[in-house]
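So the sequence shown is numbered by UniProt numbering: it starts at 1 and just counts up by one. Presented below is the structure to which this report refers.
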Amino acid sequence: MLTNHLSKISPKFLVKGLALVGLLLLVAGNARIILENILKSKDIDERIVSAANPRLNRKLLEEAADVLESSQSGDLTAIFPSATLEQEGSETPEIRAKVEIENASGITGAAASLAEVLETKGYQVSAISTAPSLLEKTTVVYKVGLEREAQEVKQILENQQWIVGLVEPDQNQTSDIRIALGKK
1 MLTNHLSKIS PKFLVKGLAL VGLLLLVAGN ARIILENILK SKDIDERIVS
51 AANPRLNRKL LEEAADVLES SQSGDLTAIF PSATLEQEGS ETPEIRAKVE
101 IENASGITGA AASLAEVLET KGYQVSAIST APSLLEKTTV VYKVGLEREA
151 QEVKQILENQ QWIVGLVEPD QNQTSDIRIA LGKK
């Protein structure tokens with residue numbers, strides 16, 4: 001009976017119908033990818049998501065994520081075949097120290113780039129500024145008791161090709177760690 005009805009439909013309309021079905025599948029696939037990314041990063045900053053795609057219905061995505069997160073098994077691979085379970089320890093690292101960065105290198109955007117790197121390592125960048133004059137070498141000044149964190153920051157700087165000339169404590173330091181980027 002269905003074949004009788006299909007034979008009466010114009011091929012032109014069949015092509016349009018198939019194109020519409022394909023478009024719906026494409027949209028559903030993109031929505032699935034967006035939801036997977038939200039689930040992978042539970043603490044995602046909503047402002048970043050809405051800024052990246054202002055057409056997203058943020059409330060609808062949050063509700064969908066809540067429904068999926070409340071799944072009894074916690075295994076979303078049945079819903080999203082390409083989803084994988086998060087490994088232990090893959091969450092965002094805890095904040096180690098608050099860091100101020102002063103760009104005294106003469107390289108535009110150097111402090112902002114370093115801030116991104118430090119934030120991925122668990123540091124909170126509390127201020128970025130531009131120095132009134134240039135420095136030959138980078139300096140790291142830290143609060144007494146935060147030597148380990150200061151040495152980690154020094155290693156991160158060196159991995160980013162910065163020449164660190166001085167790492168020292170300062171009792172009057174207002175932030176946990178203060179970096180003055182010098183020339184590379």
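Note that beta-carbon positions come from the ideal geometry of N, C-alpha and C, so glycine has one too.
For residue i: DSSP bridge partner residues
i: Leu114; result: Paired residue(s): none; Leu114 is not in a bridge.
i: Leu181; result: Asn103
i: Thr130; result: Asn103
i: Glu168; result: Val141
i: Gln124; result: Lys98
Coil, strand or helix - residue i by DSSP
i: Val141; result: strand
i: Ala150; result: helix
i: Glu136; result: coil
i: Gln155; result: helix
i: Ala83; result: Confidence at Ala83 is low in this model, with a pLDDT of 48, below 50, so the placement of that residue should be treated as unreliable; the coordinate-derived value is given next. Reduced to three states, the DSSP call for Ala83 is coil.
i: Ile33; result: helix
i: Ser175; result: coil
i: Glu119; result: helix
Contact belief for residue i with residue j at Cβ below 8 Å, rounded distance in angstroms
i: Val167; j: Lys184; result: Actually they are not in contact, since the Cβ atoms of Val167 and Lys184 sit about 17 Å apart, beyond 8 Å.
i: Gln161; j: Leu114; result: So it is not a contact: roughly 11 Å between Cβ atoms.
i: Ser126; j: Ser175; result: 6 Å
CB of residue i within 9 Å of CB of residue j, strictly
i: Ala111; j: Leu146; result: no
i: Tyr123; j: Arg178; result: no
i: residue 203; j: Gly165; result: The structure shown has nothing for residue 203, since the chain only spans 1 to 184.
i: Ile156; j: Val117; result: yes
i: Ile128; j: Glu149; result: no
i: Thr138; j: Ala180; result: yes
i: Pro171; j: Val140; result: First, the amino acid is wrong: residue 171 is Gln here, not Pro. Cβ distance not < 9 Å, so Gln171 and Val140 don't count as in contact.
Near the ligand NAD: residue i beta-carbon under 8 Å from a heavy atom
i: Gln160; result: Absence of the ligand NAD from the depicted structure is noted, as is the absence of any ligand whatsoever, leaving it without description.
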